[in-house]
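Shown next, in structure tokens, is the structure this report addresses.
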Amino acid sequence: MVDRLFGKRIFLTGAAQGIGLAIAEACLAEGARLFLVDRDGDLLDRTVAGLSAPQGHIGHTTADVSDGAAIADAVTRAEGEIGPINALINNAGMNVFSTPLEATEEEWNRNFDVNVKGAWNCSKAALPGMIENGGGTILNIASTHSFTIIPHTFPYPVAKHALLGLTRSLALEYAARGIRVNALAPGYVETRKVIDYWNSFPDPAAARAKTMALHPGGGIASVREIALAAVFMISDECPFMNAACLVVDGGLSQLQHAL
Ligand SMILES: NC(=O)c1ccc[n+]([C@@H]2O[C@H](COP(=O)([O-])OP(=O)(O)OC[C@H]3O[C@@H](n4cnc5c(N)ncnc54)[C@H](O)[C@@H]3O)[C@@H](O)[C@H]2O)c1
């Protein structure tokens, strides 16, 4: 299909690689105009150079989502380059994995600054324009960590739970202004981070096989499989979906292991 996102002007964070890059590719293929943001400017420059899109359909800038002023500037710049933003995808996020007694205050703060405040900063910058222009949509990339806990991943799931709270708060606050706010919760996705995790074991192939075997279907998601769900959620194909969390984890979070 093509042009399912024709007319969408999307501000997408964490776009230089992984799930964000796959979302960018899928949105471009559906006719959207994009403004891409990442804190890794060199990687973002290389990524944008490798994307194909009709002339003028991609803008980009380096910014850290935890910096509210930088994000406000980025949204202003985006609106100048691709037009008023009517879709925001808060994808930038980072793993902060420790335990409640070992996590430092710095780790706690950085986790919340990026994984929660980052989405709030971008929403605060993009919402006034959406309200003024009669509507829009926000998609927060959450995680199965938003409603389950894996020991030794603290405090990442605390922030991902909070991101669902932010999603619902914004959704209810602005529904009457024509704005839908939803969350997409991937489980394991085959990204660089996950591959590096497997490579940290003495037998990476065995670690990979173990992850795959955990899943009811015997495999984990590709970045494209997550991106396709994101395209649907920001498209006009689900106009009554609001304050929802769509879980895309191959069923893993529903699996009760035999005791
Ligand atoms: N990979 C998975 O298995 C998985 C599963 C569930 C949820 N998620 C979520 O999906 C999102 C994307 O994850 P990914 O695996 O593609 O990550 P990734 O590390 O491959 O890419 C994340 C991108 O975001 C950028 N970024 C990080 N912090 C930023 C900040 N403060 N400001 C601006 N840019 C920033 C990074 O530079 C990077 O380019 C995250 O929110 C993550 O929590 C990932």
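The numbering of the sequence shown is the working numbering, which starts it at 530 and goes up by one. Heads up, the beta-carbon is just placed ideally off N, CA and C, and yes, glycines get one too.
A distance criterion of 7 Å places the beta-carbon of residue 695 beyond contact range of ligand 1, judged by its closest non-hydrogen atom. Cβ neighbours of residue 624 within its own chain (closer than 7 Å, five residues either side excluded): 685 and 722. Contact between residue 714 and residue 774 holds: CB atoms are separated by about 5 Å, below the 8 Å threshold.
Take the alpha-carbon of residue 743 and the one of residue 639: they are about 30 Å apart. By the beta-carbon neighbour count (other beta carbons within 10 angstroms, threshold 16), residue 706 is exposed.
Positions of the alpha helix (DSSP H) runs, each at least 4 residues long and wholly inside the segment 617 to 646, are given as 634 to 641 in order along the chain. Counting every other CB atom within 10 Å of its CB across the protein chains shown gives residue 531 a total below 16, marking it as exposed. Here residue 761 carries a helix assignment [DSSP, helix/strand/coil]. Assigned with DSSP and collapsed to three states, residue 696 falls in helix.
The Cβ atoms of residue 763 and residue 616 sit closer than 8 Å to each other. Taking 7 Å as the cut-off, the C-beta of residue 686 does not count as close to any heavy atom of ligand 1. Put simply, the segment 569 to 578 does not touch the segment 631 to 649. Fewer than three CB pairs are less than 8 Å apart. Ligand 1 has a heavy atom closer than 7 Å to the beta-carbon of residue 623. The C-beta distance from residue 607 to residue 599 rounds to 12 Å, too long to meet the 8 Å contact threshold.
When rounded, the separation of the alpha-carbon atoms in residue 667 and residue 683 is 26 Å. The secondary-structure analysis by DSSP pairs residue 615 with nothing; it has no beta-bridge partner.
Judged by DSSP in its simplified three-state form, residue 567 adopts strand. With a threshold of 16 other beta carbon atoms within 10 Å, residue 545 meets it and is buried. Within 7 Å of the C-beta of residue 568 there is at least one heavy atom belonging to ligand 1.
The shortest C-alpha to C-alpha distance from residue 678 to any of 567, 690 and 712 is the one to 690.
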